[in-house]
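Protein chains in written order, with the working numbering: chain V, 75 to 188; chain R, -5 to 108. Glycine residues also receive a C-beta, built at the ideal position from the N, C-alpha and C atoms. Remember, predicted model here, so these are calculated numbers, not experimental data. Note sheet for the following structure.
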Amino acid sequence: DAKTTQPPSMDCAEGRAANLPCNHSTISGNEYVYWYRQIHSQGPQYIIHGLKNNETNEMASLIITEDRKSSTLILPHATLRDTAVYYCIVRVQNSGGSNYKLTFGKGTLLTVNP
Amino acid sequence: NAGVMQNPRHLVRRRGQEARLRCSPMKGHSHVYWYRQLPEEGLKFMVYLQKENIIDESGMPKERFSAEFPKEGPSILRIQQVVRGDSAAYFCASSTGTGLTEQYFGPGTRLTVT
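Next comes the structure, spelled out in structure tokens:
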């Protein structure tokens, strides 16, 4: 799987948009970008995933650059409960491989301030 | 629909004792994954099981650790003769299928070895 790089920490004001970047410059054509988050002392929570196109769901938006070498997770109106470690994970689309293994790096600690 | 359940949430064991961690997957999920999170680190894959079968245990330490997912009942992660280095949070996830199917995580069991 491609390696990802994320800033170790970010701050955001409550009510503002939080934009979390992820670099995955070695991503290959059949690899998806997934985002999970882990609120303190809880299990990871799936947020969103995408391949090429931008994606949006009730939690967040995912913007993937045209060359797919980086992506940004956007929380449009951050709340205090969004304070968590956010993980960007690349997973290969390969039914014969071990793409069920989620590889978590250190992630980005997002702190939403009042 | 109840989520993934893990018990106990906190477990304290003395060195040399056995630890048994239980995971009940979400209803309808027949695939279970165990991950370990050491302090200040990301989650690391340990083992993937389906009912009565171990599919991939490549992340499990070779000694003292075992896992099962019987036909009836929860999945069990068993650690024999625990040592201080086993102190960690152990998370279980479940899914309806393999590959890129979404994994839903439980709240984790925090094991402390004294």
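{"Item": "At which residues does the beta strand (DSSP E) containing Gln0 of chain R begin and terminate?", "Value": "Met(-1) to Asn1"}
{"Item": "Does Lys77 of chain V have its Cβ less than 9 Å from a Cβ in chain R?", "Value": "no"}
{"Item": "I want to verify the contact list: residues of chain R whose CB lies under 8 Å from the CB of Gly181 of chain V, in sequence order.", "Value": "Gly36"}
{"Item": "Give the residues of chain V in contact with Gln97 of chain R, contact being defined as C-beta atoms less than 7 Å apart.", "Value": "Leu176"}
{"Item": "Quick one: residues in its chain with C-beta nearer than 8 Å to the C-beta of Lys65 of chain R, no 5 flanking neighbours on either side, listed in chain order?", "Value": "Lys45 and Glu46"}
{"Item": "Identify the continuous beta strand (DSSP E) that holds Pro118 of chain V and give its terminal residues.", "Value": "Segment: none, Pro118 of chain V is in no beta strand (DSSP E) and carries neither H nor E."}
{"Item": "Any beta carbon from chain V within less than 9 Å of Pro101 of chain R's own beta carbon?", "Value": "yes"}
{"Item": "Please report the residue range of the beta strand (DSSP E) in which Arg165 of chain V lies.", "Value": "Ala158 to Val166"}
{"Item": "For Gly89 of chain V and Met40 of chain R, I'd like the C-alpha separation in whole angstroms.", "Value": "38 Å"}
{"Item": "Would Arg155 of chain V count as contacting chain R if we go by Cβ distances under 9 Å?", "Value": "no"}
{"Item": "In or out: Thr157 of chain V buried (at least 16 other Cβ within 10 Å) or exposed?", "Value": "buried"}
{"Item": "Classify Arg3 of chain R: buried if its beta carbon has 16 or more other beta carbons within 10 angstroms, exposed otherwise.", "Value": "exposed"}
{"Item": "Let me see if you follow: with CB-CB separation under 9 Å, is Thr106 of chain R close to chain V or not?", "Value": "no"}
{"Item": "Would you please state the rounded distance, in angstroms, between the beta carbons of Gly117 of chain V and Gly36 of chain R? I believe it to be under 8 Å.", "Value": "Actually they do not touch by this definition, with Cβ atoms about 13 Å apart."}
{"Item": "Is the beta carbon of Ala152 of chain V sitting closer than 9 Å to the one on Val107 of chain V?", "Value": "no"}
{"Item": "Does chain R have any CB closer than 9 Å to the CB of Tyr120 of chain V?", "Value": "yes"}
{"Item": "Does the distance from the CB of Arg7 of chain R to the CB of Ile70 of chain R come in under 9 Å?", "Value": "no"}
{"Item": "Just checking: is the beta-carbon of Arg165 of chain V within a distance shorter than 9 Å of some beta-carbon in chain R?", "Value": "yes"}
{"Item": "State buried or exposed for Ile113 of chain V, treating a residue as buried only when at least 16 other CB atoms are found within 10 Å of its CB.", "Value": "exposed"}
{"Item": "Judging by CA-CA distance, which residue of V:Ser172, V:Ser115, V:Leu147 and V:Tyr120 is the nearest neighbour of Gln80 of chain V?", "Value": "V:Leu147"}
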